[in-house]
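Residue numbers (the working numbering), protein chains in the order written: chain P, 101 to 251; chain F, 101 to 251; chain A, 101 to 251; chain V, 101 to 251. Ideal placement from N, C-alpha and C gives every residue a C-beta, glycine not left out.
4 protein chains.
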Amino acid sequence: MSAFEPQDPDFEIHVRASFARQKLMKGIGASLTRVAPGEVEIELPFRDDLTQHHGYLHAGIVTAIVDTACGFAAMTLMPADASVLTIEYKANFVSPATGKRMIARGRVTKPGRTVTVCAGDVFALTDGKEKLVATMLATMMTLRERPDLQG
Amino acid sequence: MSAFEPQDPDFEIHVRASFARQKLMKGIGASLTRVAPGEVEIELPFRDDLTQHHGYLHAGIVTAIVDTACGFAAMTLMPADASVLTIEYKANFVSPATGKRMIARGRVTKPGRTVTVCAGDVFALTDGKEKLVATMLATMMTLRERPDLQG
Amino acid sequence: MSAFEPQDPDFEIHVRASFARQKLMKGIGASLTRVAPGEVEIELPFRDDLTQHHGYLHAGIVTAIVDTACGFAAMTLMPADASVLTIEYKANFVSPATGKRMIARGRVTKPGRTVTVCAGDVFALTDGKEKLVATMLATMMTLRERPDLQG
Amino acid sequence: MSAFEPQDPDFEIHVRASFARQKLMKGIGASLTRVAPGEVEIELPFRDDLTQHHGYLHAGIVTAIVDTACGFAAMTLMPADASVLTIEYKANFVSPATGKRMIARGRVTKPGRTVTVCAGDVFALTDGKEKLVATMLATMMTLRERPDLQG
């Protein structure tokens, strides 16, 4: 249950359409597994071609899925014609990103007209058990009146 | 000219070998264009399959190349048998990541026995002009006595 | 109820002794209101002499109390002879720091032998209601064998 | 010499007036030693009552002076009627904050209409030599049409 009231009744349609336009997410095999007011979840099966030099999933890929989850969590609370852009984020990497699949969860900490603050986590899922891999604190921006930018 | 004195005379060989093991870097088409004591540069030609929903390079990819540049910049100053791991980073995205190619530059701000602090920037290069896209502040860790981890 | 098992049975005594040595905390009128395994709470009555140019509590003071809460939260899980040092932190400021008093809560996200990751929040408390003012993600370091450093 | 062109010819007057309203800066004994387009410097003599549990200057105080330097660096490039607010920052602490005095330098990395990105450093000055103590990456916001907020 969420504490947030979306402004856009079609928030899920808009978030799913924007996610579908993220070619990187499709390319790496990520999928959008949950869209709720102020909360988005993305799953990514482990893939050997996305690894760094120790064979773990690259920090940039771990970051990409949790940034996307945070950005779209922010977007669920934005007006229908708004677009979301990442201003900045910080991520800590707390365990090696190994396992069958990764689950990134983004949630809104504080929505705002211009700036929305989000928190996110990435868990490695192996044999039904979740282990924290990374944690993020992110600042997202609402863009309005930009017909050149969708979602 | 660098202010840093490497402990490992073969630092460039070790960094290049570790970079070659990063399957993500190969997969996205990134190359290591400079390795100096405390400084590493990585180039990435723009690719449409690495984009987010506005058609810009995804923040996660921009982050991946500058994280890698920062991590290997730290590694140039580590002992020969050490391995580098990203503890955390923070990145600000200041202009859309568009253009022919991206150049990520990582440099050591403060080397340490266990923890090394690095700064990095990503520039979009178009018609010979560089434009700042993102800036990073990162914390890297030296791992020793881990024969299971290379580089 | 905490998920963490302290190594040091006297963790609260050690944390309280270290807090008492923080002259800044005493000077600004902060007090340690809760010490539990992996969790520390600090309260600070609002004071006009700690403000920035809009009359809100200065971001540096908000940061000081939540950094201290996070650092001592990390220390509750460290060995008895260890000392804690802040490697880095990131904080977002989400509402003006006004109100009768501030409550900073720090908690351990992931303990580690050398590096502990913590999260913290600061709330403004007015008429019994808490409002989020700031949120932090921090990296703390365990220092051992440093008889020159206490706590 | 700065690469930035201020919009407000009286930027130094406005920054100095805002600094004078920061009661915390006065209380800790900080002074504004340089105001240039996109650059601000603040000095703070070491004071024992501002320390943490090891006797070093508290991270929150180190952060307060470099946050202030970054915020006012951003303000030098804002319109005359604008006010500056810290959205967020991240700081790394690289050496103990000891020494006779601290010098915090903030500079604009990328100015923007709404969001300005700044970088800052704090140096400990002892016997004429500067040693890096902390480094910051910060996001500042321009506030307009807020007659209730000055500077």
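Practice problem: Determine, using beta carbons only, whether Gln122/F comes closer than 9 angstroms to chain P. | Solution: Position 22 of the second sequence, counted from the first residue, corresponds to residue 122/F. Taking Cβ atoms only, chain P reaches closer than 9 angstroms to Gln122/F, which makes this a yes.
Quiz prompt | Supposed close pair Cys170/V, Met240/V - CB separation, criterion 8 angstroms | solution = The sequence position of residue 170/V within the fourth sequence is 70, counting from 1. The sequence position of residue 240/V within the fourth sequence is 140, counting from 1. Indeed they touch by this definition, with Cβ atoms about 7 angstroms apart.
Self-check item: Alpha carbon of Ala182/A to alpha carbon of Arg213/V, nearest angstrom
Solution: As a first step, residue 182/A must be located in the third sequence, where it is residue number 82. As a first step, residue 213/V must be located in the fourth sequence, where it is residue number 113. Going from the Cα of Ala182/A to the Cα of Arg213/V covers about 47 angstroms.
Quiz prompt | Residue from Thr242/V, Leu243/V and Ile165/V with nearest C-alpha to Gly220/V | solution = For the purposes of this step, residue 220/V is taken as the residue at position 120 of the fourth sequence. Ranking the options by Cα distance to Gly220/V, first place goes to Ile165/V.
Quiz item: Taking only beta-carbon atoms, is Met236/P less than 9 angstroms away from chain A?
Solution: Indexing the first sequence from 1 puts residue 236/P at position 136. By this cut-off, Met236/P is an interface position.
Quiz item: Three or more C-beta pairs closer than 8 angstroms, one from the stretch 107-127 of chain F and one from the stretch 198-211 of chain P: is that the case here?
Solution: no
Self-check item: Range covered by the beta strand (DSSP E) that runs through Thr176/F
Solution: Taking the first residue of the second sequence as 1, we reach residue 176/F at position 76. Where Thr176/F is concerned, there is no enclosing beta strand (DSSP E), given that its DSSP letter is neither H nor E.
Exercise. Answer yes if the stretch 143-155 of chain V comes into contact with the stretch 192-201 of chain V, meaning at least three C-beta pairs across the two stretches below 8 angstroms, and no otherwise.
Key: yes
Exercise. Can you pull the chain P residues whose beta carbon is under 9 angstroms from the beta carbon of Asp149/F, in chain order?
Key: Position 49 of the second sequence, counted from the start, is the residue given in the question as residue 149/F. Those within 9 angstroms of Asp149/F in chain P are Lys123, Leu124, Lys126 and Gly127.
Self-check item: Contact set between Thr239/P and chain A, taken where Cβ atoms lie within less than 9 angstroms
Solution: Position 139 of the first sequence, counted from the first residue, corresponds to residue 239/P. The answer, in chain order, is Asn192.
Practice problem: Enumerate, from N- to C-terminal direction, the unbroken alpha helix (DSSP H) stretches of 4 or more residues contained entirely within the stretch 104-161 of chain V. | Solution: 111-121 and 123-128
Practice problem: Please confirm if Thr214/F has its CB atom under 9 angstroms from at least one CB of chain V. | Solution: Position 114 of the second sequence, counted from the start, is the residue given in the question as residue 214/F. Not an interface residue.
Quiz prompt | Per DSSP, cross-strand counterpart(s) of Lys190/F | solution = To locate residue 190/F, count along the second sequence from 1; it is residue 90. Lys190/F pairs with Lys190/P and Leu237/F.
Self-check item: Min CB distance Asp167/F to chain P below 9 angstroms
Solution: Residue mapping note: residue 167/F aligns to position 67 of the second sequence, counting from 1. Interface residue, yes.
Quiz item: So with Cβ pairs under 9 angstroms, would you call Val217/F a contact of chain B?
Solution: Here chain B cannot be found, since the structure's protein chains are P, F, A and V.
Self-check item: Endpoints, beta strand (DSSP E) assigned at Val219/F
Solution: On the second sequence, residue 219/F is found 119 positions in, with the first residue counted as 1. It is Ala, not Val, that sits at residue 219/F in the sequence shown. Counting along the chain, the beta strand (DSSP E) containing Ala219/F begins and ends at Val215 to Thr226.
Practice problem: Spatial neighbours of Pro211/V within its chain, please: CB distance less than 6 angstroms, with the 5 preceding and 5 following residues excluded, ordered by chain position. | Solution: Numbered from 1 along the fourth sequence, position 111 holds the residue referred to as residue 211/V. So the list reads Leu177, once near-sequence residues are dropped.
Quiz item: Of all the CB atoms in chain F, is at least one closer than 9 angstroms to the CB of Asp108/P?
Solution: Sequence index remark: in the first sequence, residue 108/P carries index 8 (1-based). No - not a single Cβ of chain F is within 9 angstroms of the one on Asp108/P.
Practice problem: Could you tell me whether the Cβ of Cys170/P comes closer than 9 angstroms to any Cβ of chain A? | Solution: Within the first sequence, residue 170/P is the residue found at index 70, counting from 1. No, Cys170/P does not count as interfacial toward chain A.
Quiz item: Under 9 angstroms between C-beta atoms, does Ile142/P make it to chain V?
Solution: What you label residue 142/P is simply residue 42 of the first sequence in a count that begins at 1. No, Ile142/P does not count as interfacial toward chain V.
Quiz item: When we look at the beta-carbon of Thr226/P and count the other beta-carbons within 10 Å, is it buried (16 or more) or exposed?
Solution: Locating residue 226/P in the first sequence gives position 126, counting from the first residue. Exposed: under 16 other Cβ atoms inside 10 Å.
Quiz item: Counting Cβ pairs, one atom from each stretch, are 3 or more of them under 8 angstroms apart for the stretch 149-157 of chain P and the stretch 148-159 of chain F?
Solution: no
Exercise. Quickly, what does DSSP pair Ala206/P with across the bridge? List them, please.
Key: Residue numbering aside, residue 206/P sits at position 106 when the first sequence is read from its first letter. The sequence given here has Gly at residue 206/P, not Ala. Bridge partners of Gly206/P: Val140/P and Gly220/P.
Exercise. Mind listing the chain P neighbours of Ala159/F? Cutoff is C-beta to C-beta under 8 angstroms, in chain order.
Key: As a working note, residue 159/F is residue 59 in the second sequence. Correct list: Thr163, Ala164, Asp167, Thr186 and Tyr189.
Practice problem: Just the chain A side, please: which residues come within less than 9 angstroms of Gly251/V by C-beta, in chain order? | Solution: Taking the fourth sequence and counting its residues from 1, one reaches residue 251/V at position 151. Here the neighbours are His153 and His154.
Quiz item: For Ser195/V and chain F, any beta-carbon pair shorter than 9 angstroms?
Solution: Start at 1 with the first residue of the fourth sequence, and residue 195/V comes out as number 95. Yes - at least one Cβ of chain F is within 9 angstroms of the one on Ser195/V.
Quiz item: Does the beta-carbon distance from Ala130/V to Thr186/V come in below 9 angstroms?
Solution: Counting from one through the fourth sequence, the residue named residue 130/V turns up at place 30. Counting from one through the fourth sequence, the residue named residue 186/V turns up at place 86. Contact flag unset, no.
Quiz item: Looking at C-alpha atoms only, which residue of Ala180/F, Met175/F, Glu188/F and Ala174/F is the closest neighbour of Thr163/F?
Solution: The count along the second sequence starts at 1 and reaches residue 163/F at position 63. With distances taken between Cα atoms, Thr163/F lies closest to Glu188/F.
Quiz item: DSSP puts Thr242/P in a beta bridge; with which residues?
Solution: The residue given as residue 242/P occupies position 142 in the first sequence. Thr242/P is bridged to Val184/P.
Quiz item: Exposed or buried, Ala180/F, counting other C-beta atoms within 10 Å across all chains shown (16 or more means buried)?
Solution: Position 80 of the second sequence, counted from the start, is the residue given in the question as residue 180/F. It is exposed - the Cβ of Ala180/F has fewer than 16 other Cβ atoms within 10 Å.
Quiz item: Using a Cβ-Cβ distance under 9 angstroms, would Phe146/P count as near chain F?
Solution: Taking the first sequence and counting its residues from 1, one reaches residue 146/P at position 46. With 9 angstroms as the cut-off, Phe146/P does not count as an interface residue toward chain F.
Quiz item: Considering only residues of the same chain and omitting the five flanking positions on each side of Gln107/F, which have a CB-CB separation below 8 angstroms?
Solution: Position 7 of the second sequence, counted from the start, is the residue given in the question as residue 107/F. Taken in chain order, the residues that qualify are Leu177, Met178, Pro179 and Ala180.
Quiz item: Identify the residues that DSSP records as bridge partners of Lys229/F: which are they?
Solution: By 1-based counting over the second sequence, the position of residue 229/F is 129. DSSP, once it has assigned bridges, lists Thr226/F as partnering Lys229/F.
Quiz item: Where does Met101/F land, buried or exposed, given buried means 16+ other C-beta within 10 angstroms?
Solution: Counted from its first residue, the second sequence places residue 101/F at position 1. Here the model assigns Met101/F a pLDDT of 46, short of 50, so the residue's position is not dependable and the matter cannot be decided.
Self-check item: Given Met175/F as reference, the closest of Ala117/F, Ala234/F, Thr235/F and Asp248/F once Cα atoms are compared
Solution: Taking the first residue of the second sequence as 1, we reach residue 175/F at position 75. Of the listed residues, the one whose Cα sits closest to Met175/F is Ala117/F.
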